[in-house]
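Numbering (the working numbering), first residue to last: 57 to 400.
For every residue, glycine included, the Cβ atom is placed at its ideal position computed from N, Cα and C.
None of the values given here were measured: they were computed from a predicted structure.
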Amino acid sequence: MTLPSVLRTPTDTPRVLHRCRELVRPALVEAVGRLHPWVGEMAAYSFGWCEVGGAPTVASGGKGLRQALAVLGAEAAGAPGSAGVPAAVAVELVHAFSLLHDDIMDSDPERRGRPTAWKAYGTGPAVLAGDALFALAVETLAAAPAGPRAVRVLSVALGDLVRGQADDLLFATRPWTGPERVRPPEYRAMAEHKTGALLGCAAALGALLGGAEPATVAALDRAGRHLGIAFQIMDDVLGIWGDPEVTGKPVHGDLRERKKTYPVLAALDSPTPETRRLAVLLDRGDAPAEAAELIETVGGRSTALAEARRHITAVEAALAEVPLEGRAGDELRALLSYLLRRDV
Numbered sequence: 057m058t059l060p061s062v063l064r065t066p067t068d069t070p071r072v073l074h075r076c077r078e079l080v081r082p083a084l085v086e087a088v089g090r091l092h093p094w095v096g097e098m099a100a101y102s103f104g105w106c107e108v109g110g111a112p113t114v115a116s117g118g119k120g121l122r123q124a125l126a127v128l129g130a131e132a133a134g135a136p137g138s139a140g141v142p143a144a145v146a147v148e149l150v151h152a153f154s155l156l157h158d159d160i161m162d163s164d165p166e167r168r169g170r171p172t173a174w175k176a177y178g179t180g181p182a183v184l185a186g187d188a189l190f191a192l193a194v195e196t197l198a199a200a201p202a203g204p205r206a207v208r209v210l211s212v213a214l215g216d217l218v219r220g221q222a223d224d225l226l227f228a229t230r231p232w233t234g235p236e237r238v239r240p241p242e243y244r245a246m247a248e249h250k251t252g253a254l255l256g257c258a259a260a261l262g263a264l265l266g267g268a269e270p271a272t273v274a275a276l277d278r279a280g281r282h283l284g285i286a287f288q289i290m291d292d293v294l295g296i297w298g299d300p301e302v303t304g305k306p307v308h309g310d311l312r313e314r315k316k317t318y319p320v321l322a323a324l325d326s327p328t329p330e331t332r333r334l335a336v337l338l339d340r341g342d343a344p345a346e347a348a349e350l351i352e353t354v355g356g357r358s359t360a361l362a363e364a365r366r367h368i369t370a371v372e373a374a375l376a377e378v379p380l381e382g383r384a385g386d387e388l389r390a391l392l393s394y395l396l397r398r399d400v
């Protein structure tokens with residue numbers, strides 16, 4: 057099956073990501089260097105900077121998408137990118153903290169081809185490292201200009217992040233069908249909180265530290281939240297129908313793991329004769345190819361793509377509400393497009 061071009065992972069990375077990483081990296085390294093040496097090693101390991109024991113290495117630590125949004129948020133407000141660096145560092149630390157704890161909650165043994173921190177160092181130490189990154193993020197932002205306002209913005213995003221994670225964990229305990237099943241609107245709310253809140257926070261914090269007006273800060277936060285929903289839904293589509301050589305995930309991996317993703321929930325919400333058969337297959341988890349075919353037959357895939365497009369339109373509308381200074385506006389739109397076309 058051929059995916060729409062918008063769902064294929066591009067082979068090139070926007071130069072803006074490299075530029076923003078280079079700008080933020082020294083401050084991020086300096087912040088992590090303030091931690092207890094052992095905790096700092098675990099943090100560096102999670103970023104892909106070292107191996108267990110501290111030997112330097114170059115491993116994939118992610119693309120730095122959130123820190124780029126923070127830098128571009130500052131530039132969109134007419135400030136130099138350096139004004140957004142404290143926001144970029146804080147958000148990157150929070151993201152790393154959330155991944156450390158997510159891997160423990162999900163019992164994931166690997167991330168980006170390496171043992172996760174809890175597998176490498178133990179559960180307790182990994183929890184401690186996550187806590188340290190969280191505290192360091194707040195400290196970093198509190199010391200920045202407009203620190204109190206910035207910490208409040210981050211606190212809202214953190215509250216939403218916890219809420220989204222809680223919902224995601226509870227979804228796994230609910231049935232596939234019946235009155236207690238997970239409905240698509242619940243999933244959208246979870247995706248906004250778990251994924252969108254931090255994307256919106258990154259752009260909004262950068263704009264705030266760059267001196268933007270409240271309307272601009274709010275618009276960028278709103279754009280990031282809609283982006284998070286669209287990004288998560290597209291990621292769900294790739295998790296079922298994506299090419300493993302492109303996505304890095306096994307074919308039908310999400311179905312084998314019996315994840316309640318948006319295409320699945322949309323399909324189960326469709327009153328068709330195939331829905332009962334689909335629910336049986338999902339409950340057993342032993343026929344992912346047949347389940348994928350049924351999901352597409354009853355419209356789960358097309359409904360998911362339509363919903364993602366609706367949120368992409370909302371992102372564009374939010375960005376159109378405010379003036380975005382210089383080239384930052386174009387780079388921000390290019391970065392948003394890149395986010396939606398990748399499995400990151």
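Coarse secondary structure for R64, derived from DSSP in three states = In this prediction, R64 has a pLDDT of 37, which is less than 50 and means its spatial position is unreliable; what the coordinates show is noted afterwards. Coil, per DSSP.
Option nearest V114 by Cα separation, candidates A191, S211, R170 and K250 | Checked all of A191, S211, R170 and K250; the closest Cα to V114 is R170.
Which two residues bound the contiguous alpha helix (DSSP H) that contains R75?
-> Per DSSP, the continuous alpha helix (DSSP H) segment holding R75 begins and ends at R71 to V88.
What separation, rounded to the nearest whole angstrom, lies between the Cα atoms of A173 and G118?
-> Whole-angstrom Cα-Cα distance: 15 Å.
Just the Cα atoms here: how many angstroms apart are R219 and R230?
-> When rounded, the distance between both Cα atoms is 17 Å.
Report buried or exposed for H74, applying the criterion of at least 16 other Cβ atoms within 10 angstroms of its Cβ.
-> Result: exposed.
Residues bridged to E166 by DSSP?
-> For E166, which the question treats as bridged, DSSP gives the partners P171.
At which residues does the alpha helix (DSSP H) containing R365 begin and terminate?
-> Bounds of the alpha helix (DSSP H) holding R365 are G356 to A376.
Quick one: what does DSSP say L59 is sitting in, helix, strand or coil?
-> Confidence at L59 is low in this model, with a pLDDT of 34, below 50, so the placement of that residue should be treated as unreliable; the coordinate-derived value is given next. Here L59 sits in coil by DSSP.
Can you tell me the Cα-Cα spacing of L337 and A258, whole angstroms?
-> Each residue's alpha carbon lies about 40 Å from the other.
Distance, Cα to Cα, L254 vs P142?
-> Distance from the CA atom of L254 to the CA atom of P142, rounded to whole angstroms, is 15 Å.
Residue environment, D334, which counts as buried when at least 16 other CB atoms sit within 10 Å = The sequence shown places Leu at residue 334, rather than the Asp named in the question. By the neighbour-count criterion, in which 16 or more other beta carbons inside 10 Å mark a residue as buried, L334 falls on the buried side.
Quick one: which unbroken alpha helix (DSSP H) runs of 4-plus residues sit fully inside the segment 204 to 287? Chain order, please.
-> Whole alpha helix (DSSP H) segments, 4+ residues: 240 to 247 and 253 to 265.
Nearest to P87 (by Cα), restricted to the options V150, R122 and E131 | At residue 87 the sequence reads Ala, which differs from the Pro that was named. Ranked by Cα distance from A87, the options V150, R122 and E131 are led by V150.
What is the DSSP secondary structure of P112, counted as helix, strand or coil?
-> Secondary structure of P112 (DSSP, three-state): strand.
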